[in-house]
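Step one of this worksheet: look at the structure below.
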Amino acid sequence: MNRPILASIHTAAFQHNLGRVREMAPKSKIWSVIKARAYGHGFEAALKGLASTDGFALLDIEDAAWLREHGWKGRILLLEGFFHENELSRAAEFACDLVVHCDAQVDWLEGFKWKYHQPFNVFLKMNTGMNRLGFKPEAYRTAFHRLHAAGYHMHHMTHFSNADQVDRLPSVASQQELFNKTIVGLEGVTSLANSAAIMWHRNALGDWVRPGIMLYGASPTGLYADIQHANLQAVMQLESEVIDVQELEKGDRIGYGGRFEATGPMRVGIVACGYADGYPRHAKDGTPVWVANNKQGVICPLVGRVSMNMLAIDLRNAPEAGVGTSVQLWGDKVPVDDVAMMSDTIGYELLCAIRHEYLLLLSN
859 MNRPILASIH
869 TAAFQHNLGR
879 VREMAPKSKI
889 WSVIKARAYG
899 HGFEAALKGL
909 ASTDGFALLD
919 IEDAAWLREH
929 GWKGRILLLE
939 GFFHENELSR
949 AAEFACDLVV
959 HCDAQVDWLE
969 GFKWKYHQPF
979 NVFLKMNTGM
989 NRLGFKPEAY
999 RTAFHRLHAA
1009 GYHMHHMTHF
1019 SNADQVDRLP
1029 SVASQQELFN
1039 KTIVGLEGVT
1049 SLANSAAIMW
1059 HRNALGDWVR
1069 PGIMLYGASP
1079 TGLYADIQHA
1089 NLQAVMQLES
1099 EVIDVQELEK
1109 GDRIGYGGRF
1119 EATGPMRVGI
1129 VACGYADGYP
1139 RHAKDGTPVW
1149 VANNKQGVIC
1159 PLVGRVSMNM
1169 LAIDLRNAPE
1179 AGVGTSVQLW
1189 GDKVPVDDVA
1199 MMSDTIGYEL
1209 LCAIRHEYLL
1219 LLSN
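Numbered per the working numbering, the sequence shown finishes at 1222, counting up by one with no gaps.
Shown next, in the form of structure tokens:
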């Protein structure tokens, strides 16, 4: 029998969250971002749950191939464009749109013989202050005109650095102003907003929005209140079981390093999940775990250091729990962002770290 770890993926939650994006950005088309194996949720689930999207945005040409092989006929955007000129023929074969962010890509596109294919849709990326990818504004128009002269269908893109914060520079307003000023008089549609901008900057959406983390029911800020405000649903439910119960006395310590010391008699449940399974090793004492106690369910705190394949929880809130009792490590009862906050990381990292073999696709 396999270990009782399961990451169930609820496609109805995908559909709900995509619907919320449409409500927040009713005049924009949607690139649903599914990089990193759909943030750890798997392409199969994303294709099923997000089938009504206007397009998928991802990183690798092989992932684009997978979508085409599995019946996706809509648009596909390669978010980092292409990594070598020899990928252009395959990108054309799969009818991909390209993000172009550097001179080398412009050179390769100018030399590409696309007469046997349709010319690419190019989303030229502008660096408006994030300083990660893209052309600085002073170089942007030259790159645009080079590719326009080569026959490509040209569009515009930038990425906001701090849409989830109000006190950091560059601000959304300053980046948007620079972007709009630079593209004056140039044809093409725009793509600006990530999840945070969709949720909090409705005047900075552009013609195409690019939701990522919000599609999966997690927060750009790491605050569950934002998920409640946006009425999003967790897509992944990570569950396991108690596989042993230890009876401790005052002074007993738990796990490697003896980080947690019992202050009195207590029952400790050992759960089949650890950092090798994708649960964060640095989760602190007190990280919430939901335990199915007497069919009601209660939150029990994590105690002691997370091991490779196990973790321990304080069962004093769940006196009836024992071997075989179900627990939820994150999902609809324990927000992944709460676990991330107690682990000094972000929900994105936790979702992406789950082992693929634990995924189970559910339609409701």
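Just so it is clear, CB atoms sit at the ideal spot from N, CA and C, and this is done for glycine as well.
query                                                                                                                                                     : result
Determine, using beta carbons only, whether Asn-979 and His-1011 come nearer to each other than 7 angstroms.                                              : yes
With DSSP collapsed to three states, give me the class of Leu-937.                                                                                        : coil
Assign Ala-870 to one of two classes, buried (16 or more other C-beta atoms within 10 Å of its C-beta) or exposed (fewer than that).                      : exposed
Taking the Cβ atom as the reference point for each residue, do Thr-1016 and Phe-1002 lie within a distance shorter than 7 angstroms?                      : no
On a CA-only basis, which of His-975, Lys-973, Glu-996 is nearest Met-984? Give me that one, please.                                                      : Glu-996
Val-1093 bridges to which residues according to DSSP?                                                                                                     : Its beta-bridge partners do not exist; DSSP assigns none.
In three-state DSSP terms, what is Leu-1219?                                                                                                              : strand
Cβ atoms of Ala-904 and Phe-952: under 7 angstroms apart, would you say?                                                                                  : no
Please classify Ile-1112: does DSSP put it in a helix, a strand, or coil?                                                                                 : strand
Would you mind stating whether Pro-1078 and Ala-1051 have Cβ atoms separated by less than 7 angstroms?                                                    : no
Mind the definition here: the region 942-961 touches the region 895-911 only if three or more C-beta pairs lie below 8 angstroms; say whether that holds. : no
So, Phe-914 versus Ser-890, is the Cβ gap smaller than 7 angstroms?                                                                                       : yes
Starting from Arg-895 and walking both ways along the alpha helix (DSSP H), at which residues does that stretch end?                                      : 893-897
Report yes or no: do the region 1120-1137 and the region 1168-1184 share at least 3 C-beta pairs separated by less than 8 angstroms?                      : yes
Using only CA atoms, which one of Lys-1153, Leu-1090, Asp-1102, Arg-1111 lies nearest to Cys-1131?                                                        : Asp-1102
Hey, is Asp-965 close to the ligand NAD, as in C-beta under 6 angstroms from one of its heavy atoms?                                                      : No copy of the ligand NAD appears in this structure; indeed no ligand is present at all.
Comparing alpha-carbon positions, which option in Ile-1157, Trp-930, Glu-1178, Gly-1205 lies nearest Leu-1081?                                            : Gly-1205
Report the option in Asn-944, Glu-943, Leu-916, His-942 whose CA atom is closest to the CA atom of Arg-933.                                               : Leu-916
Return the chain-ordered ranges of every beta strand (DSSP E) run that is complete within the region 1141-1179 and spans a minimum of 3 residues.         : 1146-1149, 1156-1159, 1169-1172
Go through its chain and collect everything with a Cβ distance to Arg-1068's Cβ below 7 angstroms, but skip five positions before and after it.           : Trp-889, Val-891, Ala-915, Ser-1049, Ala-1051, Asn-1052
Flag this pair as yes or no: are the beta carbons of His-1013 and Ile-1041 separated by less than 7 angstroms?                                            : no
Quick one: any contact between the region 1082-1091 and the region 1191-1201, if contact means 3 or more CB pairs under 8 angstroms?                      : yes
Can you tell which of Leu-1106, Asp-1110, Leu-1073 has its C-alpha closest to the C-alpha of Leu-1092?                                                    : Here residue 1092 turns out to be Ala, not Leu, going by the sequence shown. For the residues Leu-1106, Asp-1110, Leu-1073, the minimum Cα distance to Ala-1092 belongs to Leu-1073.
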